[in-house]
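K.L.:
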Amino acid sequence: MRSLGSGLRAVGRIGNLSVGGCLMLMDETRGFRRGEALEMTFCVRQLPVRVQGFVRQLHPGNAVGVEFSMMTERGKRQLLELIRELGEVLHDQMDDLTQAQKDAAANEERNGVHRIRR
């Protein structure tokens, strides 16, 4: 992430992502200001996607909310596809977790294990 005004650079991880922006988890947010114009590059399937945006929020714990303001059509398509795929993965993981919980409950019932519920 690079400030278009001051040239300040920072590296972080994407905490959440949407077509409209993302939450960047940074080692340090010192120097970034709300409303500051940014340029970011991240990879989608090993292809770099460059976006411009601005700092929408500065959160405690070194998190920066970024709103995207400019992205190529190719970048938008790549981002939408990535979000769709991540949604499918999450859905599959939730299905697996639900099935594992059902299996564990059935095993407990078969083995006569009774949990005390609070």
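According to our numbering, the sequence shown is numbered sequentially starting from -19. The beta carbon of each residue, even a glycine, is placed where N, CA and C say it ideally should be.
Give the range of the beta strand (DSSP E) segment to which Ala43 is assigned.
P.N.:
Numbered from 1 along the sequence shown, position 63 holds the residue referred to as residue 43. Where Ala43 is concerned, the enclosing beta strand (DSSP E) stretches over 43 to 51.
K.L.:
Locate the beta strand (DSSP E) running through Gly(-13), then write down its first and last residues.
P.N.:
Position 7 of the sequence shown holds residue -13. Unbroken run through Gly(-13): none, as it is neither H nor E.
K.L.:
Since I believe Arg14 is in contact with Val35 (beta carbons under 8 Å), could you give me their beta-carbon distance rounded to a whole number of angstroms?
P.N.:
What you label residue 35 is simply residue 55 of the sequence shown in a count that begins at 1. What you label residue 14 is simply residue 34 of the sequence shown in a count that begins at 1. About 5 Å; that satisfies the 8 Å criterion.
K.L.:
Report, in whole angstroms, the separation of the C-beta atoms of Phe22 and Ile63, which I expect to be a contact under 8 Å.
P.N.:
Position 42 of the sequence shown, counted from the start, is the residue given in the question as residue 22. Position 83 of the sequence shown, counted from the start, is the residue given in the question as residue 63. Not confirmed; about 13 Å, so no contact.
K.L.:
Would you identify the three-state DSSP class for Gln37, choosing helix, strand or coil?
P.N.:
Numbered from 1 along the sequence shown, position 57 holds the residue referred to as residue 37. Three-state result, Gln37: strand.
K.L.:
Spatial neighbours of Arg30 within its chain, please: C-beta separation below 6 Å, excluding the five flanking residues on both sides.
P.N.:
What you label residue 30 is simply residue 50 of the sequence shown in a count that begins at 1. Once the five neighbours on either side are set aside, the close Cβ partners of Arg30 are Thr21.
K.L.:
Starting from Gly1, follow the beta strand (DSSP E) in both directions and report where the run begins and ends.
P.N.:
Mapped onto the sequence shown, residue 1 falls at position 21. Where Gly1 is concerned, the enclosing beta strand (DSSP E) stretches over 1 to 6.
K.L.:
Quick check on DSSP: helix, strand or coil for Met(-19)?
P.N.:
As a working mapping, residue -19 is identified with position 1 in the sequence shown. The answer is coil: DSSP assigns Met(-19) none of H, G, I, E or B.
K.L.:
Using C-beta distances below 6 Å, list every residue in its chain close to Met33, excluding the 5 sequence neighbours before and after it, in chain order.
P.N.:
As a first step, residue 33 must be located in the sequence shown, where it is residue number 53. Note that residue 33 is Gly in the sequence shown here, rather than Met. For Gly33, where only same-chain residues beyond five positions count, the Cβ hits under 6 Å are Leu18, Val46, Glu47, Phe48, Ser49.
K.L.:
What is the DSSP secondary structure of Arg30, counted as helix, strand or coil?
P.N.:
As a working note, residue 30 is residue 50 in the sequence shown. Correct three-state label for Arg30: strand.
K.L.:
Using a Cβ-Cβ cut-off of 7 Å (strictly less than) and excluding sequence neighbours within five positions of Leu(-16), which residues of its own chain qualify?
P.N.:
Locating residue -16 in the sequence shown gives position 4, where the first residue counts as 1. Same-chain partners within the cutoff: Ala17, Leu18, Glu19.
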